[in-house]
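In my numbering, the protein residues as written are 598 to 721. We treat Cβ as the ideally placed atom computed from N, Cα and C, and that holds for glycine. Worksheet: one structure, shown below.
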C-alpha cells in the first residue's frame, strides 16, 4: 500500500503516523483534519455496528496499553527515520516500514491481537 498510494497521500494508514508527521511539519494539517472528519462521518453512519473491524486484546487492559505504547513508539521511530530523510533509506522506505509492522505484529500479536491503531482500540 505504501508504494501504491504513497505518492498521493503519504500512505498513512495509522492515525498516530499522520499525527506525528503533522506535528513535525511533514504532513498538511488540512489533510489530517479531513481524515478526522471522515472518521466521524463513518462513526455516525455505522453507529449501530459498534465493533466493526475492531480488535480485542488477549491480556488485561494494562498489558495491552503497555504493549501498544511500545509498538507505537517502534513504528513512529522507524517511520520517522526512513520516511522523512531521503538519505536514510530512500526508495526502500516502504520495505523498512513493512518489516517493522511485520516484526512488531509477530512479537506483540498475542497481546494486542495485531492492533496498532490506538484510536480504534480506545473506542471499543
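Taken in chain order, no unbroken stretch of beta strand (DSSP E) lies wholly in the region 613 to 672 with a span of 3 residues or more.
Between the C-alpha atoms of residue 704 and residue 656 there is a straight-line separation of about 14 Å. Judged by pairs of C-beta atoms under 8 Å, the region 695 to 703 touches the region 668 to 679, as three or more such pairs exist.
Between residue 629 and residue 636 the beta-carbon gap is near 11 Å, outside 8 Å, which marks them as no contact. Around residue 680, the same chain offers 690 as residues with beta carbons nearer than 6 Å, after the five sequence neighbours per side are excluded. Scanning 688, 659, 645 and 612 for the CA closest to the CA of residue 634 turns up 612.
Just so you know, the alpha carbons of residue 641 and residue 621 end up roughly 31 Å apart.
The beta carbon of residue 663 sits closer than 6 Å to no other beta carbon from its chain once the five residues preceding and following it are set aside. By the 16-neighbour rule on beta-carbons within 10 angstroms, residue 688 is exposed.
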